[in-house]
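Inspection log for the structure reproduced underneath, given as structure tokens.
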Amino acid sequence: METIRDVDPMIPKPFRVQQVRQETPDTFTLELVSANGGGDFRFAPGQFNMLYVFGVGEIPISISGNPDARRSLVHTTRAVGTVTKAMRKLRRGGMLGVRGPYGTQWPVEEAEGNDVVFVAGGIGLAPLRPAMYRVLSHREKYGKVVLLYGTRSPSDILYRKELEHWRARFDLEVFVTVDRAQRPWRGNVGVVTNLIPKAPFDPSSVVAMVCGPEVMMRFTVLELEKRGVQHSNIYLSMERNMKCGIGQCGHCQFGPEFVCKDGPVFPYTRIGHLLPKWEI
Amino acid sequence: MERIEYSAIETLLQVLKRRDYVTLAPILREGAIIYDEVENASQLPRAFVDVQAAGSYRVERREDNAYFGHHVGPTTWKKFLFPPLFELFRVIRTASGFRIEGDANSENHDTVPQHKYAFIGVRPCDVQALALNDKVFQNGPYVDRAYKVRRESMFVVAVNCTEAGGTCFCDSMGTGPKANGGYDLCLTELTGDDEGFFLLEVGSERGADVAKELPSRPADPSERERAVEAIQRARTSMGRTLQTDRLREMLADNLDHPEWDNVARRCLTCANCTMVCPTCFCSTVEDVTDLTGATARRVRTWDSCFTLEFSYIHGGSIRSTPKSRYRQWMTHKLSRWVDQFGEYGCVGCGRCITWCPVGIDLTEVARAIRERQHSSITLQEEV
Ligand SMILES: Cc1cc2nc3c(=O)[nH]c(=O)nc-3n(C[C@H](O)[C@H](O)[C@H](O)COP(=O)(O)OP(=O)(O)OC[C@H]3O[C@@H](n4cnc5c(N)ncnc54)[C@H](O)[C@@H]3O)c2cc1C
Ligand code: SF4
Ligand code: SF4
Ligand code: FES
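Taken in order, these protein sequences are the chains called A and B. Quick note: the first sequence uses the numbering used here, first residue 33, plus one each step. Quick note: the second sequence uses the numbering used here, first residue 147, plus one each step.
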């Protein structure tokens with residue numbers, strides 16, 4: 033049973049930037065700690081926070097850190113507009129407001145006993161990373177684990193060191209592709225969906241967790257279908273404009289769903305019928 | 147059921163004021179009947195009627211001397227609970243960051259004072275609209291405390307309808323013309339050759355406590371009968387219907403219906419319909435900074451799904467066309483609301499029809515979709 037929160041849910045708590053990491057030319061990771069001390073941040077992989085920049089605004093950003101490292105909050109953000117660009121200017125010691133965590137989670141526990149494939153497009157890797165941490169920390173509970181990641185160009189590859197490290201593991205398959213590449217790149221070129229036909233997982237049992245632009249997710253589902261992956265084993269994370277995160281502002285509606293509270297992570301069976309519809 | 151005389155309206159107002167309620171009631175202002183604070187019964191728009199049709203509204207004199215001989219106007223009661231402009235909290239810049247001050251519930255909150263409100267003259271459709279507002283703002287896992295504080299302390303005097311307004315269809319939505327609970331006191335006004343009077347029903351302990359102070363006598367059977375007949379007249383004279391049978395499914399299954407194109411050719415996406423609707427709840431939040439940039443106020447304002455910004459995400463708006471925005475609004479009211487909150491999000495008050503500058507009528511849009519849908523089904527069956 034959900035209970036009534038006794039604190040006004042629209043009021044953020046102050047956090048301080050403990051570390052800034054520039055991931056790519058336009059994407060950065062902030063590690064945040066509570067400005068009031070303490071720190072036991074529980075969240076489930078797939079959930080997001082509303083981050084507030086003083087005098088500028090508030091936006092939804094997924095939590096991209098390790099759910100078992102509860103001393104700080106980690107967010108990876110791509111600077112695209114007003115709030116994210118203001119956020120990029122923050123340095124160590126700078127302050128942000130945080131509300132959350134909100135939303136549904138990746139089916140990490142439900143997937144135990146199965147193969148798992150993560151399909152990420154661009155910044156979509158950030159919301160998937162907590163689920164990867166969870167799966168890897170209970171690695172023995174899963175069959176094959178595969179990450180398929182597509183991004184624009186080699187310089188846009190997120191979490192590069194970590195990906196290289198993961199790629200070296202024997203119990204994890206990592207495939208990276210870029211839309212276009214300059215010379216030194218020897219990896220795959222092309223869209224992430226091209227990686228699906230040959231990805232090493234058992235289609236009859238695999239659980240797919242997909243996050244990226246909506247078109248990319250639509251084509252991913254088509255490719256997964258072709259391999260015979262069941263719809264009931266596909267999960268997507270949706271993105272909509274969000275002003276409250278708590279089901280009251282109406283902005284995030286997607287058909288009958290409030291993406292902020294019924295999502296962002298949805299089983300494909302729940303939203304599949306809406307995806308091909310136009311301007312829902 | 148008691149009978150109270152016209153003079154008891156003044157008593158009612160004064161009793162409520164003595165109990166520290168801010169008494170809000172219909173008043174006539176700039177040619178429209180709106181809701182605002184009243185000091186005494188003489189401020190009520192007595193002997194006025196609002197003549198409404200799709201895209202038109204006009205206030206006229208009535209033949210009789212009725213207190214509540216009008217329907218619903220361009221404002222809604224929700225504005226007192228969910229204000230159009232509301233400061234959520236304030237953020238003050240400090241040497242090392244910022245500090246948050248004055249949440250919506252604090253005493254120094256200056257946008258909407260912490261008053262006990264008495265709503266006097268709430269129509270049955272609007273009583274139900276308040277119940278729908280509750281579902282959004284206080285019955286879910288997250289509670290809008292400012293809303294809840296006001297809602298819990300308020301007093302509702304409902305007034306049953308004995309005449310239907312020109313755009314009403316509450317009967318179809320099951321919300322009127324008689325109020326079904328949700329009030330502290332409920333009046334039925336009866337006018338005739340003689341001076342009119344009210345029949346009074348009590349809906350809560352708080353209501354009973356106030357009713358005790360009103361001069362009254364038990365209503366006799368013929369008076370009760372007249373009230374039943376008058377409400378029935380409102381029901382049968384209602385000029386509009388909306389068939390709700392399978393309405394939720396029908397709209398959800400017809401997202402590509404050509405009627406959406408038809409309505410989009412007329413719709414100006416002006417957002418009037420959302421601004422006058424008693425159940426629309428969408429809002430946005432903005433930072434309003436002072437000139438020095440030292441203080442930021444987080445201000446929540448009403449928003450509308452008819453604007454482009456509403457669905458904006460990096461790269462463009464999800465609903466870039468008027469067609470998808472009208473469809474979003476109407477399917478939300480008459481279909482998605484049921485999925486989200488278990489009831490239709492429309493109470494049949496007719497405001498959106500009256501205040502649409504081009505007279506778009508959601509009951510007609512629904513009918514057009516149903517008819518084409520039916521004919522295509524019949525066609526298939528004939529084949
Ligand atoms: C559940 C969820 C999780 C997200 N997680 C991440 C993440 O981990 N990393 C990341 O970089 N981005 C993430 N996003 C997208 C991020 O919220 C937007 O990039 C951000 O809101 C853009 O704000 P802006 O002010 O910089 O952009 P502008 O283009 O200036 O936007 C103006 C306003 O429009 C709205 N808006 C614009 N783009 C989006 C968008 N894509 N989604 C929602 N609202 C938008 C916001 O209210 C924003 O303030 C997430 C979005 C959602 C819904
Ligand atoms: S949709 Fe129209 S008729 Fe229905 S409650 Fe809103 S304003 Fe009234
Ligand atoms: S339906 Fe009418 S009132 Fe609503 S946005 Fe369109 S033109 Fe404006
Ligand atoms: S973000 Fe406000 S309702 Fe979902």
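Glycine included, each C-beta is placed from N, C-alpha and C at the ideal position. Being a predicted model, the structure only gives us computed values, none of them experimental.
- prompt: Going by other Cβ atoms of all chains shown within 10 Å of its Cβ, with 16 needed for buried, is A/MET42 buried or exposed?
  reply: Its Cβ being crowded by 16 or more others within 10 Å, A/MET42 is buried.
message: Cβ closer than 8 Å: which chain B residues qualify as neighbours of A/GLU55?
response: The contact set of A/GLU55 on chain B, defined by CB atoms closer than 8 Å, is empty, because the minimum CB distance reaches about 17 Å.
- prompt: Going along the chain, which residues of the region 65-99 of chain A sit with their C-beta nearer than 9 Å to a C-beta in chain B?
  reply: So the list reads ALA67, TYR84, VAL85, PHE86, GLY87, VAL88, GLY89, GLU90, given in the order they occur along the chain.
message: Would you say the beta carbon of B/THR425 is closer than 7 Å to some non-hydrogen atom of ligand 2?
response: True, at least one ligand heavy atom lies under 7 Å from that Cβ.
query: So is B/THR222 in contact with chain A if we call contact Cβ pairs under 8 Å?
result: Judged by the 8 Å Cβ criterion, B/THR222 is not in contact with chain A.
For A/VAL177: DSSP bridge partner residues: Residue pairing for A/VAL177: DSSP places it in a beta bridge opposite A/VAL148.
- request: Kindly list the residues whose CB is nearer than 6 Å to the CB of B/GLU510, restricted to its own chain and excluding five residues on each side of it in sequence; keep chain order.
  value: Hits under 6 Å: none found.
- prompt: How long is the line joining the alpha carbons of A/ARG48 and B/THR390, rounded to whole angstroms?
  reply: Going from the Cα of A/ARG48 to the Cα of B/THR390 covers about 53 Å.
query: Quick one: is A/LYS121 near chain B, going by C-beta distance under 8 Å?
result: Not one chain B Cβ lies under 8 Å of A/LYS121.
query: B/PHE452 versus chain A: which residues are under 8 Å apart at the beta carbon?
result: The contacting residues do not exist; B/PHE452 stays about 12 Å from chain A at best.
query: Should B/VAL409 be counted as a contact of ligand 2 given a C-beta to heavy atom distance under 7 Å?
result: Distances between the C-beta of B/VAL409 and the heavy atoms of ligand 2 are all 7 Å or more.
message: Less than 7 Å separating the Cβ of A/GLY282 from some heavy atom of ligand 4?
response: Yes, ligand 4 has a heavy atom inside 7 Å of this Cβ.
- request: Verify the CB distance criterion: does A/ASP40 have a CB-CB separation below 8 Å to chain B?
  value: Interface residue, yes.
Helix, strand or coil at B/ARG245 [DSSP, three-state]: B/ARG245 falls in the strand class under three-state DSSP.
- request: For A/ALA158, collect the residues of the same chain with a Cβ closer than 6 Å to its Cβ; drop the 5 residues on either side in sequence, then sort them by chain order.
  value: Non-local C-beta neighbours of A/ALA158 in its own chain, meaning closer than 6 Å and more than five positions away in sequence, comprise SER94, SER96, THR108, ordered along the chain.
query: If we ignore side chains and look at the alpha-carbon of each, how far apart do B/GLU151 and B/PRO361 end up?
result: Taken atom to atom, the span from the alpha-carbon of B/GLU151 to that of B/PRO361 is near 8 Å.
query: B/ALA442 versus chain A: which residues are under 8 Å apart at the beta carbon?
result: Residues of chain A passing the Cβ test: PHE86, GLY87.
message: By alpha-carbon positions, which one of B/LEU393, B/PRO191, B/PHE344 ends up nearest to B/GLY491?
response: For the residues B/LEU393, B/PRO191, B/PHE344, the minimum Cα distance to B/GLY491 belongs to B/LEU393.
- prompt: Cα-Cα, which of B/ALA178, B/ASP280, B/TRP501, B/ASP166 is closest to A/GLN280?
  reply: The residue with the shortest Cα to Cα distance from A/GLN280 is B/ASP280.
Inter-residue Cα distance where the pair is B/ALA376 and B/CYS307: When rounded, the distance between both Cα atoms is 8 Å.
message: Let's test the definition: count the other Cβ atoms within 10 Å of the Cβ of A/ALA200 and tell me whether it reaches 16, buried, or not, exposed.
response: Counting Cβ neighbours within 10 Å, A/ALA200 comes out exposed, since fewer than 16 surround it.
task: Could you have a look at A/PHE75 and say whether DSSP puts it in helix, strand or coil?
output: In the three-state reduction of the DSSP assignment, A/PHE75 falls in the coil class.
message: Taking CB distances under 8 Å as the criterion, tell me whether B/ARG465 reaches chain A.
response: Chain A, which has a Cβ nearer than 8 Å to the Cβ of B/ARG465, makes this yes.
message: What ranges does the beta strand (DSSP E) occupy inside the region 99-153 of chain A, keeping only unbroken runs of at least 3 residues that lie completely in it?
response: Whole beta strand (DSSP E) segments, 3+ residues: 105-110, 127-134, 148-153.
One or two residues paired with A/SER236 in a DSSP bridge: The beta-bridge partner set that DSSP reports for A/SER236 is empty.
- prompt: Quick one, which residues of the region 414-428 of chain B are near chain A if we go by CB-CB under 7 Å, in chain order?
  reply: Residues are counted here when their Cβ sits less than 7 Å from a Cβ of chain A; for the region 414-428 of chain B these are PHE427, CYS428, given in chain order.
query: Alpha carbon to alpha carbon, how far is A/LYS193 from A/ILE91?
result: Distance between the alpha carbons of A/LYS193 and A/ILE91: 28 Å.
query: Mind pulling the chain B residues with CB within less than 8 Å of A/ASN265?
result: Residues of chain B whose Cβ lies closer than 8 Å to the Cβ of A/ASN265 do not exist, since the nearest Cβ in that chain is about 24 Å away.
task: On a CA-only basis, which of A/HIS197, A/PHE202, A/ASN265, A/LYS173 is nearest A/PRO299? Give me that one, please.
output: Taking each of A/HIS197, A/PHE202, A/ASN265, A/LYS173 in turn and checking the Cα distance to A/PRO299, the smallest one comes out for A/ASN265.
message: With a threshold of 8 Å between beta carbons, is A/CYS292 in contact with chain B?
response: Interface criterion not met: the Cβ of A/CYS292 is under 8 Å from no Cβ in chain B.
task: Just grab the DSSP bridge partners of B/ILE150 for me.
output: Note: B/ILE150 sits in a beta bridge opposite B/PHE344.
- prompt: In this structure, does DSSP put B/VAL356 in helix, strand or coil?
  reply: It is helical.
message: Against chain B, with Cβ distances strictly below 8 Å, would A/CYS281 count as a contact?
response: Closer than 8 Å to some Cβ of chain B, the Cβ of A/CYS281 qualifies, so yes.
field: Selection from A/PRO162, A/VAL239, A/GLY277, A/MET248 that minimises the alpha carbon distance to A/ARG259
entry: Of the residues A/PRO162, A/VAL239, A/GLY277, A/MET248, the one whose Cα lies closest to the Cα of A/ARG259 is A/VAL239.
- request: Measure from the C-beta of A/ILE361 to each C-beta in chain B and report whether the shortest distance is under 8 Å.
  value: Residue 361 of chain A falls outside the range modelled here, since chain A spans only 33 to 312, and no answer is possible.
query: Would DSSP call B/GLY267 helix, strand or coil?
result: Note: B/GLY267 maps to strand in three-state DSSP.
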